Every structure is written in C-alpha cells, then in structure tokens.
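**Q** Each residue of the sequence shown is one higher than the one before, counting from 255 in this note's numbering.
What follows is a single structure, and I will ask about it in a moment.
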Amino acid sequence: MQSSPFESHAPSVQPLLAAISAAGAPDPDLTISQWADQYRVLSRVSAGEPGRWRTSRTPFLREIMDCLSPSSPFSRVVFVKPAQIGGSELLLNMLGYIIHYAPGPAMLVQPTVELAKRFSRQRIASLIENTTVLAERVSDPRERDSGNTILAKEFPGGVLVATGANSSVGLRSMPARYLLMDEVDAYPPSASTGAAGTEEGDPVDLAIRRTGTFANRQIAMVSTPTIAEVSRIEQAYLESDQRKYFVPCPHCGVFQILRWAQIKWPDRVPAEAWYECERCHQRIADHHKPEMLARGQWRSEAPGDGETVGFWLNGLYSPWTTWSQLAKDFLRARKSPERMQTFTNTVLAETFQQAGATKTDASELLRRRQQYRPDTTLPAGVVLITLGADLQADRLELEIIGWGRDEESWSLAYIVLVGDPAQRDLWDSFDQVLSLQFAHPCGREFEIAAACVDSGFHPSIVQSFCSERMRRRVAPKIYPIKGAAGQRPIWPRMHSKSKDNRPLWVIGVDASKEALYARLKITEPGPGFCHFPIGDQYDLAYFEQLTAETCRVRYSKGFAHREWIKKTGVRNEALDARCYAYAALQSLIANRFRLNKQAEQIEAMVAAKSSGEDVERSPSALPGPQRPPPSGREPWVERRDWFAH
Ligand SMILES: [Zn+2]
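Below, the structure is given as structure tokens:
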C-alpha cells in the first residue's frame with residue numbers, strides 16, 4: 255500500500271520532485287482569476303451562490319489572485335481581511351490553478367491539524383469534485399492506491415499536503431514551491447515540540463523555510479487580524495507595499511477607502527443607515543455598491559520590501575452585507591469590550607488595541623467620581639450586589655460592588671479591616687460586613703448576593719470561615735478562591751481541591767483584568783461603565799492601586815506573549831478585590847443568573863412603587879434568601895464606622 259507524503263514525509267516525495275523537474279513544463283499565461291472564471295464551479299452545498307465562479311462578484315479579489323499567479327513579480331502575498339469575504343475561496347482558486355495549470359509541491363497550513371482535516375474534507379474535496387479539470391487529475395481517495403488521503407493529494411506533476419501550524423512534523427514534511435497559509439493570526443506561537451523535545455519555533459518561519467529551494471516560490475498569507483502588537487498578518491502587511499481598495503463615489507466620482515466612520519444612521523434607527531461620501535457628503539445607498547466595487551482600484555501606500563505585496567480590506571466592501579446590517583452589528587457589539595473586539599477584527603479587519611496597552615490614568619478616574627450615597631440609598635441602576643476580598647498578612651481589603659444592566663457597575667464601599675487573620679476578631683468584623691443590607695429605591699433591602707475571598711495567605715482559615723457561613727445558609731454565597739494568571743475563564747467550570755481536600759475555586763484573573771481595564775476606558779455611563787462615589791476611601795492612592803498593572807507584550811524567542819505587570823512600588827489590593835467581586839458576579843451568571851432579566855424586574859418594581867402599587871405583593875426578584883430589615887433601624891447607619899479605616 256502506498257503511504258501518503260504527509261505520514262511518512264520527505265522520502266516518498268523525492269521521486270515526485272524528480273518527476274516535476276523532468277517535466278519542466280513552462281508556466282502558462284493564464285492568471286488565477288482568469289483560470290477561476292473559466293474552470294471553477296461552486297457546489298450547491300458549500301457556497302452561498304452555487305454555479306460558475308465569477309470574479310466580477312468580488313472584483314477586489316482579482317488583483318490578489320493575479321499577484322499569486324506564476325507571472326507575478328511578488329513572492330509573498332499578504333491579505334488582511336474581514337470574516338466572510340472570500341479569503342478561503344481565493345486559496346481554493348490558487349489550489350485549483352496549481353493542480354491544473356502549474357503543478358508543483360504545495361503546502362496548505364491551517365491553525366491546527368484538525369482544522370486542516372476539516373478544510374480538506376469540506377472545501378478541497380468540493381473544489382475537486384465540482385471542477386471537472388481537477389477531478390480528472392486527482393483520483394478519488396476511495397480508490398485503492400489513489401495516492402490520496404485527507405491530508406495529502408497527489409496529482410500529475412505535484413502534490414498537495416495540508417497540515418496544521420501546531421504540527422512541526424507536518425510543517426517539515428516536504429519542500430514546497432507553493433505555501434498557502436490560512437488564518438495565520440490563529441497560529442500558536444510555536445509549533446509542537448520535536449522528537450528530541452526541542453522547541454520548534456514559529457510555524458510561519460518553519461513553513462517558509464521549506465520553500466527556500468524554489469526560486470519561483472509563491473507564498474500566500476491570509477488572515478483576519480486579531481490583537482495589536484501580536485498580529486502576524488498586520489506585521490506582514492506592514493512589510494508590504496500596503497494596498498487599499500479605493501472605490502469611486504457614485505455622486506462626485508472621488509475615489510476613497512470605505513471607512514466605518516462614514517456609516518451614519520438616525521439616532522436609534524440603524525435600519526436606515528447609509529454611507530456618507532467623505533468628499534461630497536451625499537448619501538451612498540447599498541444598491542450603489544456593486545458598481546463602485548467593479549470600478550475599484552488597489553492603490554499602494556508604502557514602498558514595501560519589493561517581495562511582498564499586501565492587501566487590506568474591511569467588511570464594508572462585502573457584497574453580501576448592507577450598511578444597516580453593519581450598523582446593527584455595531585450597536586450589538588458596543589455592549590461589551592469582548593464583542594467589540596470581535597467586531598473590530600471580523601468586520602473592520604483591524605487589530606484590537608487590548609485594554610491596558612494604553613492605560614487609564616488614576617487621576618482621570620479620580621476626577622470622574624460621582625455624588626451618590628450607597629449608605630443611604632442605592633443608585634436605582636443597581637440590581638445585584640457582590641463582594642471581593644483580598645487577604646493580606648495583617649488585614650482584609652474588600653470592595654462591595656453594585657451591578658446593573660449590561661454590567662454597568664457602582665462601587666458601594668471599599669473597606670479595610672485591620673487585624674490578624676489567625677484571630678477571630680477579623681473574621682467577626684468580616685461577618686458583619688457580609689450581613690450588610692442596602693436600601694433600594696424599589697423599596698426592598700438588598701443583601702450581598704455572592705462573595706469571593708482570596709485564600710492566599712491562610713487557606714485553611716479562609717475555607718473554614720466560608721464553609722461555616724455556607725452551613726448557616728445566609729447570604730451571600732461565599733467562595734474561597736485563588737487567582738491564577740494565564741488563559742482561563744474568570745469563573746471555573748468546576749472547583750478544584752486544596753491540599754487538605756477542601757473545595758477551592760481557581761479564578762482567571764487575566765481575563766477579569768482585561769475586562770476591567772477595557773471598562774475603565776469607557777467615559778460615559780451605560781454598558782460596562784464603572785461608577786465610583788466621592789468619598790475618603792476613593793482617593794488617588796485607591797485609583798493608583800486599581801490601575802497598578804499594565805498589559806505588556808513580551809517577546810521570548812521571537813514570539814509575542816501578553817502578560818500583566820505590576821508597576822514597581824505600587825500596591826494592587828484594590829485591583830485584586832475588584833477582580834474577585836467581578837468573579838463573584840460571574841459565579842452567579844455561570845449558575846444561570848441573568849443580570850438584564852433581573853434589571854427588568856427591578857425596574858418594574860421601581861415603576862410600580864412610584865405609581866403607588868403595593869410593592870410587597872410583587873414577586874421577589876432577588877437571588878438568595880430574603881430577610882426583613884431589623885425594625886425601626888437603619889442597619890447601614892449603625893455600621894458607618896466601616897468607613898473610618
Ligand atoms: Zn461623493
């Protein structure tokens with residue numbers, strides 16, 4: 255039985271390469287776009303628009319494809335693209351062209367071997383099946399001795415190997431004249447370790463090294479960009495001649511790049527969005543787009559390195575979307591920094607500036623403090639309260655946060671309890687803080703719903719305190735936690751066990767710092783905005799602690815990693831306490847609590863109260879056990895001494 259080049263790598267490819275050089279056929283004049291228009295057929299299953307391929311449908315792809323043709327003077331083509339613009343189709347056209355017209359050894363790299371298999375099964379198989387001239391050249395993998403597997407296709411004069419950027423074996427499997435790298439921003443920083451246990455290095459470099467022996471090599475790099483400073487595709491584009499697609503205004507004829515800032519809509523009516531010409535300011539409608547795209551021109555904006563041609567395009571150019579759809583997507587994305595990153599990457603095709611990379615200034619946060627008094631009445635927007643506590647050798651620092659719709663937050667108190675964690679006093683004081691109740695304009699008293707306590711210094715004491723409180727079944731739900739850096743969710747799917755076999759929740763502090771720092775940059779009240787009250791404990795030192803860390807990009811062996819670094823000489827307990835209070839919110843959300851649903855119910859209660867209805871008969875919307883407030887007393891007033899510290 256014949257083994258595939260992928261499985262046994264180099265040896266079985268050598269005779270093939272000899273056959274190629276013996277054939278020595280000159281490359282034909284047809285470009286890839288001309289080839290695709292002439293031969294490529296899209297299947298009903300995989301394409302939105304089945305039938306013959308028409309480059310005129312996405313005219314901006316023509317020049318990119320032709321730069322990948324053998325007649326092109328460029329050896330590397332970089333395409334920075336939004337999602338769903340035809341980036342994969344472009345690579346498939348290139349593959350078809352190679353198999354039919356310019357055979358040679360070709361390597362296709364997807365982010366992982368699994369994705370490479372899926373791409374081969376779904377896209378390459380369909381390309382070959384539906385395009386007659388290709389089906390004639392690549393035998394059916396079901397036939398015996400066909401020379402074909404999922405990851406390797408032989409054809410007269412060449413072979414195509416598909417592999418994943420996570421597989422150093424795959425990347426070193428054979429020399430390649432054609433290298434097609436898809437979604438390079440999703441590649442791991444390093445390919446898997448080799449047999450000798452050595453670090454294999456950057457998968458892009460590894461793959462490019464395999465093209466070194468071919469003077470007429472063609473390298474395609476295609477990707478939706480991800481994070482600023484670590485994006486491979488952005489880096490490659492910056493080395494290129496940086497082409498952008500200019501299209502003419504249907505009214506004044508001035509050529510311009512389609513930019514997000516020019517999409518306008520009447521307040522709250524994204525369905526009526528239009529594109530405003532940046533020169534004549536007239537409205538450009540969706541139906542103008544096909545003509546504009548057809549007359550578009552790629553224009554270079556940099557000299558480049560002479561070998562690399564680069565193309566950048568955003569989702570505004572997509573023939574399959576409308577201005578109003580984009581406006582709606584934006585309004586949805588605006589609700590959270592996480593969704594905004596997806597929108598920035600997949601629609602605007604721009605890298606996302608990670609929060610923390612440009613830091614929020616402590617004095618700016620100090621100026622932003624507002625006049626509200628949680629010790630008398632909660633802000634009406636608060637619908638849930640959580641607490642986060644950071645344990646130090648001689649004190650407990652904690653923050654109580656009120657949460658509202660779309661995770662808008664109000665800091666309610668920042669309290670430092672001084673005492674020895676080994677002594678009962680400190681925990682008695684903490685117990686009283688946990689029992690605080692807050693008056694809400696809806697007429698109810700709110701309790702703290704969930705709390706996270708750092709178990710760092712004294713894990714067994716913290717765990718005993720938490721489990722003892724849990725046994726009493728009083729609010730809040732309280733969790734002993736440990737913060738951990740690196741890629742992990744803010745709230746774990748399952749708890750871990752401590753050394754003495756007690757439950758411990760390991761929370762992802764990096765994700766929570768990222769969310770917090772993105773939110774501190776929001777300057778207007780609304781989704782994600784953080785409110786701080788004017789008060790002694792919210793001084794400059796507090797905000798310096800809150801902004802004590804920055805996200806840096808560190809380079810190790812040439813790869814970029816992001817990590818959080820604490821500024822020297824600055825404490826960061828306020829930051830930790832806030833991250834833990836946020837984790838407490840996430841613990842509830844993980845247990846099917848819905849903040850916005852709660853907000854709707856509380857808003858209804860406030861409205862009912864102001865219209866004079868009997869609030870007590872309204873169903874309780876608050877999680878956790880309810881206790882009546884002590885009669886005739888305002889519990890908060892009694893405990894004002896919490897603020898003395
Ligand atoms: Zn115009």
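Even for Gly, the Cβ is constructed at its ideal location relative to N, Cα and C.
On a predicted model such as this, the values are computed, not experimentally measured, just so you know.
1. Could you check the C-alpha separation between N402 and R391 for me, to the nearest Å?
2. By a C-beta neighbour count over all protein chains shown, 10 Å radius and 16 as the cutoff for buried, is K335 buried or exposed?
3. In whole angstroms, what separates the C-alpha of P504 from that of R513?
4. Could you pull the start and end residues of the alpha helix (DSSP H) that M724 belongs to?
5. I'd like to check one pair, L381 with G350: are the Cβ atoms closer than 8 Å?
6. Confirm, please, whether the CB-CB distance from A705 to A831 is below 8 Å.
7. With respect to the alpha helix (DSSP H) encompassing T600, which residues constitute its N-terminal and C-terminal limits?
8. Alpha carbon to alpha carbon, what distance is there between A772 and E545?
9. Note the first and the last residue of the continuous alpha helix (DSSP H) segment covering I352.
10. For ligand 1, is there a heavy atom less than 7 Å away from the beta-carbon of Q376?
11. With the cut-off set at 8 Å, would you say Y499 and I511 are in Cβ contact?
12. For S865, count neighbouring C-beta atoms within 10 Å of its own C-beta (all shown protein chains included) and say buried if the count is 16 or more, exposed if not.
13. Using DSSP with H/G/I as helix, E/B as strand and the rest coil, what is H785?
14. Alpha carbon to alpha carbon, how far is I702 from E798?
15. Could you name the residues that DSSP lists as bridge partners for G762?
16. Considering Cα atoms alone, identify which of A461, V387, A430 and L414 is closest to S421.
17. Could you tell me if the beta carbon of V508 falls within a distance shorter than 7 Å of some heavy atom in ligand 1?
18. Along the chain, where does the alpha helix (DSSP H) containing M546 start, and where does it finish?
19. What does the alpha-carbon distance come out to for the pair A525 and A515?
20. Buried or exposed: which applies to Q625, given that a residue is buried once 16 or more other Cβ atoms fall within 10 Å of its Cβ?
21. Would you list the residues sitting across from Q551 in a DSSP beta bridge?
22. Tell whether a beta-carbon distance below 8 Å holds between M361 and L322.
23. Indicate whether D540 and W577 have their beta-carbon atoms separated by less than 8 Å.
24. Span of the alpha helix (DSSP H) holding P457?
25. Can you tell me where the alpha helix (DSSP H) with K582 in it begins and where it stops?
26. Buried or exposed: Q777, going by 16 or more other Cβ atoms within 10 Å of its Cβ?
27. Do F692 and P628 have their beta-carbon atoms positioned less than 8 Å apart in this structure?
28. Given a cut-off of 8 Å, decide if S663 and G656 are closer than it, judged by their beta-carbon atoms.
29. Across the stretch 437-445 and the stretch 471-481, are there enough close Cβ pairs to call them in contact, namely three or more that are closer than 8 Å?
30. State buried or exposed for R431, treating a residue as buried only when at least 16 other CB atoms are found within 10 Å of its CB.
31. Use the C-beta contact count for A556: other C-beta atoms within 10 angstroms, 16 or more gives buried, fewer gives exposed.
32. Q536: beta carbon under 7 Å from a heavy atom of ligand 1?
33. Cβ atoms of L770 and C696: under 8 Å apart, would you say?
34. Going by Cα to Cα distance, which pick from M435, F468 and A474 is closest to P457?
35. On the premise that A581 lies in contact with I517, defined as a C-beta separation below 8 Å, what is that separation, rounded to the nearest angstrom?
36. Assign A667 to one of three DSSP states: helix, strand, or coil.
**A** So, to answer that:
1. Looking at the backbone, the Cα of N402 and that of R391 are separated by about 12 Å.
2. By the 10 Å Cβ count, K335 comes out buried.
3. Near 16 Å, if we compare the C-alpha coordinates of R513 and P504.
4. Here the alpha helix (DSSP H) through M724 covers P713 to R725.
5. For the pair G350 and L381, the CB atoms are nearer than the 8 Å cut-off.
6. No, the Cβ-Cβ distance between A831 and A705 is not below 8 Å.
7. Counting along the chain, the alpha helix (DSSP H) containing T600 begins and ends at P591 to T600.
8. Our two residues, E545 and A772, have alpha carbons roughly 40 Å apart in a direct line.
9. Segment G341 to H354, the alpha helix (DSSP H) holding I352.
10. The answer is no for Q376.
11. In this structure, I511 lies closer than 8 Å to Y499 by Cβ.
12. Exposed, by the Cβ-count rule.
13. The answer is strand: DSSP assigns H785 an E or B state.
14. Pairing I702 with E798, the inter-Cα distance amounts to about 26 Å.
15. Under DSSP, G762 shares a beta bridge with A738.
16. The shortest Cα separation from S421 among A461, V387, A430 and L414 belongs to A461.
17. Taken from the Cβ of V508, at least one heavy atom of ligand 1 lies inside 7 Å.
18. Run containing M546: K543 to A548, per the alpha helix (DSSP H) assignment.
19. Whole-angstrom Cα-Cα distance: 17 Å.
20. When all chains shown are included, Q625 counts as exposed.
21. Beta-bridge analysis with DSSP links Q551 to F500.
22. Against a cut-off of 8 Å, the Cβ pair of L322 and M361 comes out as no contact.
23. A contact, by the Cβ cut-off of 8 Å.
24. In the DSSP assignment, P457 falls within the alpha helix (DSSP H) that extends over P457 to R463.
25. The continuous alpha helix (DSSP H) containing K582 extends over residues W577 to A587.
26. Per the sequence presented here, residue 777 reads as Thr, with Gln not at that position. Exposed, since its Cβ has fewer than 16 Cβ neighbours within 10 Å.
27. Closer than 8 Å, so yes.
28. Yes, they are a contact pair.
29. Result yes; three or more Cβ-Cβ pairs closer than 8 Å.
30. Buried, because 16 or more other Cβ atoms sit within 10 Å of the Cβ of R431.
31. Exposed.
32. Correct: Q536 has its Cβ closer than 7 Å to ligand 1.
33. Not in contact: C696 and L770 (Cβ atoms no closer than 8 Å).
34. Out of M435, F468 and A474, the CA that lies nearest to the CA of P457 is found in M435.
35. Between I517 and A581, the beta carbon gap of about 6 Å places them in contact (Cβ cut-off 8 Å).
36. Here A667 sits in strand by DSSP.
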